[in-house]
Amino acid sequence: MSNPNKEEKNPLLCHWADQMAANIIREKGDLDLYTCASGITPSGTVHIGNFREIITVDLVVRALRDRGKNVRFIYSWDDYDVFRKVPANMPDPEILTQYLRFPITSVPDTTKRDANYARHHEVDIETQLPRVGIKPEFLYQSERYQAHRYVEGMKKAMQNRELIKQCLNEYRDDAHKMKDSDVYWPTAIFCGKCHKDTTEITGYDGEYGVSYKCECGNEETVDIRKFGGIKLGWRVDWPMRWNEEKVVFEPGGKDHISPGGSYDTAKLVSKKIYNWDAPVTMRYDFVQLKGVPGKMSSSKGKVISLVDALEVYQPQVLRYIFAGTRPNTEFAISFDLDVLKIYEDYDKTERIVYGIDKAKNEDHLNKEKRIYMLSQMDGKIPEVMPYQIPFRMLTTLLQIHSGDIDSVIKYLGDVKPEQEETLRQRAKCAWFWITESAPTWAPEFCFELRNDDKPVYVSKEIAAAIKKIHEDVVPKVSDFATDKDCQQAIYEVAEALSLDTKVLFTGLYNVLVNKDQGPRLGSFFRIIGKERLDKIFSHVVADENAGAKKAATSAKKLTPAEIDQLPPAERFSKRVILKVSKIEKVEQHPGGTFLYILTLNTGDEEPHQIVSSIVNFYKPEDLLGKNIVLVYNLKPANFRGVRSNGMLLAATDPTTDKDTCEVIFAPQFEVGTILEPEGFTPPEEELCFVKPEKFADMNLCTKDGFVEIDGTKIGSNGKYLTVETYKNGSVK
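In the working numbering, the protein residues as written are 8 to 739.
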């Protein structure tokens, strides 16, 4: 295994955060201190969309520090803003309603946990950011205003209010511009008597004296050096604080950074009033939500916080989602099946970083390494590679062990002490996902392994099959080299008893988890283990009235001779599984110059390997990452010492003596999709292996660009396989 902390070729220029850091240095010069800023009004739950701004700044801060720069990361709580609206997810809204128009720090925390409403939301994020490796310096604007820190900044704004009005008008159309006769004040006042902002400024003495009146009837003149109830409006407050804190970088949402938006006006105010060049900025887009569990949605008023996201995503994986996506790209935080894909992508990056998987080239390696570094809490690559286990497999293990993480770690047996903490994090996330999200989005993944001594009644046919499995398969369940070998042993029992595999599998799932479906049985058997399978199967009882006998009889498996008599398309659906698979790795066969070894993602827990003789037609980069069509249940064969578990589909031109080949790519289908002749339903479970000669007899072909058999197109859900070159050819 390579040492990932060495052999880096200038990785600091390959990520968008590094590019932004270079831009900041180029625009602002070589400074003793680079201040980067973020902030928000704590008027409600700080949601995952707000977190995008925080982590965007954090990534740029890290990029600057990695260049040896001294950086200050400030996060401003605009907690002296007015309380305008009662959010849906706070208790006692009738109490909160009484405090509308008050400063947020004057609103009580109706949960009674913190000193006030603002502090409640500040604490929620301040306690969670360290979990994802973010540690800014927090600034509280209520404290700063009431401590009169911004007196001179407010005075300057009041004295230059007409110039500020011109700045604000600069990007407004005629219908929205302030008129010369309109009175404009850059400040707002919270009444010294009722504490609301229902006030109107009535005079200014040109220095520190401001007069106002309130709807409550209070009128007074105050000295802003002593009176803490006055603050700047946010369009002026923002640039004033840029100058106050010497900010050189601050991103903004696309609503603020759009042409003529608040950033453009703040930029004018900053330069013309405070003589400070506006910070370098970048736009970040919105974050959508996908597949939010009902429990989260109902309790949070459909607002998802950082805490919620960390229920499903390890801190490193959550950082990876943001680090791997440019800020100006909209994306979704998913809680549905996409979670599995996100973990898979993270693990793939990790394997590249540690040299387990090969990068496409050096640039790709540097990019993946940099994203991985920025995903870690401390920005460093761990000396020991974290323990890798696919997220879905982990959910299976946890359910078998009733959520007991210690038992899962003991079962795995090879977890190093340095790997345990991150594995436990992943296990907690997997358990949350399988118990909270999966029941809605992937109910087929959810199960509870039978764990009692009650008899399990099944039909005589199923009982006989389980007895044979108990005798022939269970004793050697730990000896199978692969899950597929175990699966095949179960198929052979069905074949020996002329029992339809669907009926047998349904019976097995009912016995094991009291459901009609569950995890792939080959891997499931191996994970459950001999001891527990013995216990469960020992309680199986044959019963004439179990209800499965009729189904088993009516669905009895056709004999090979009977299948041979079926029409071609139906015969194909009974014998062949075509599965859309993604090429994850392309390697030259060590013993054959015309052979590739392809590693495929089929949607299974384990990768799939095939050998293909397409070296003369495709370069590795033409294949890597592409979806192809795999003859999934083709009988395995050895090619010069390398086992091939299937083959990919390719079209050829039968009218020429030249070698021709067009791999049939399938970008229109998701990985794992089973493709069938139109009008036929994909099998519930894998069929037995099909011999190459039997597959060749199927006579697949292309016609007018479509892949078909006997005039029937092949595809799924109204989409079909197509080719570009050999539109009327053979398929092999």
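Even for Gly, the Cβ is constructed at its ideal location relative to N, Cα and C.
CA nearest to the CA of residue i, picked from the options
| i | options | result |
| --- | --- | --- |
| F579 | N706, L456, P94 | N706 |
| F338 | V346, I328, E502, L344 | I328 |
| N30 | V463, K522, F256 | F256 |
| L313 | G140, V114, Y219 | G140 |
| N608 | Y733, G298, K348 | K348 |
| G529 | V583, I476, N521, H263 | I476 |
| Y152 | H127, M289, D88, P143 | D88 |
| D666 | F601, D490, W84, K92 | F601 |
| S341 | V299, Y82, I196 | V299 |
| W448 | W23, D345, M185, R333 | D345 |
| G51 | V130, L66, S45 | V130 |
| P597 | D611, K423, F646, E628 | F646 |
| L66 | D354, T332, E357 | T332 |
| T356 | V158, I280, Y379, E369 | Y379 |
Check whether residue i and residue j have beta carbons under 8 Å apart
| i | j | result |
| --- | --- | --- |
| H202 | F109 | yes |
| V547 | A658 | no |
| G722 | L682 | yes |
| I671 | V622 | no |
| D73 | T112 | no |
| E60 | Y350 | no |
| Y124 | V78 | no |
| R457 | V500 | no |
| D550 | V465 | yes |
| C43 | R377 | no |
| T117 | I132 | no |
| I617 | N652 | yes |
| G216 | D230 | yes |
| K720 | E685 | yes |
| Q494 | R527 | yes |
| S277 | W241 | no |
Assigned exposure category for residue i - 16 Cβ within 10 Å defines buried
| i | result |
| --- | --- |
| K557 | Low confidence applies here, because K557 scores a pLDDT of 37, under 50, leaving its location unreliable and the question unanswered by this model. |
| T194 | buried |
| E468 | buried |
| C223 | exposed |
| G648 | exposed |
| M97 | buried |
| L107 | exposed |
| K626 | exposed |
| K710 | exposed |
| R232 | exposed |
| K200 | exposed |
| H127 | buried |
| H183 | exposed |
| T134 | exposed |
| D187 | exposed |
| E252 | buried |
| R69 | buried |
Residue i, DSSP secondary structure in three states
| i | result |
| --- | --- |
| M740 | The shown model of the chain, from 8 to 739, leaves out residue 740, and the question about it has no answer. |
| A559 | Note that A559 scores 42 on pLDDT, short of 50, meaning its location in the model is unreliable and no value can be drawn from it. |
| R650 | strand |
| S588 | strand |
| K734 | coil |
| L540 | helix |
| L637 | strand |
| N608 | strand |
| K763 | Outside the shown range of the chain (8 to 739) lies residue 763, about which nothing can therefore be said. |
| W192 | coil |
| F256 | strand |
| H54 | strand |
| K348 | helix |
| I5 | No answer is possible for residue 5: it lies beyond the span of the chain, which begins at 8 and ends at 739. |
| L66 | helix |
| F145 | strand |
| G722 | strand |
| E226 | strand |
| S466 | coil |
| E177 | coil |
| P137 | helix |
| W245 | helix |
Touching by the beta-carbon criterion (3+ pairs, under 8 Å), the segment 586 to 599 and the segment 624 to 634: yes
Three CB pairs or more closer than 8 Å across the segment 317 to 326 and the segment 409 to 421: no
contact_flag[the segment 257 to 273, the segment 230 to 245] where n(CB pairs < 8 Å) is 3 or more: Counting Cβ pairs under 8 Å, three or more are found: they touch.
Inter-stretch contact (C-beta, 8 Å, three-pair minimum) for the segment 389 to 401 and the segment 425 to 436: They touch, by the three-pair rule.
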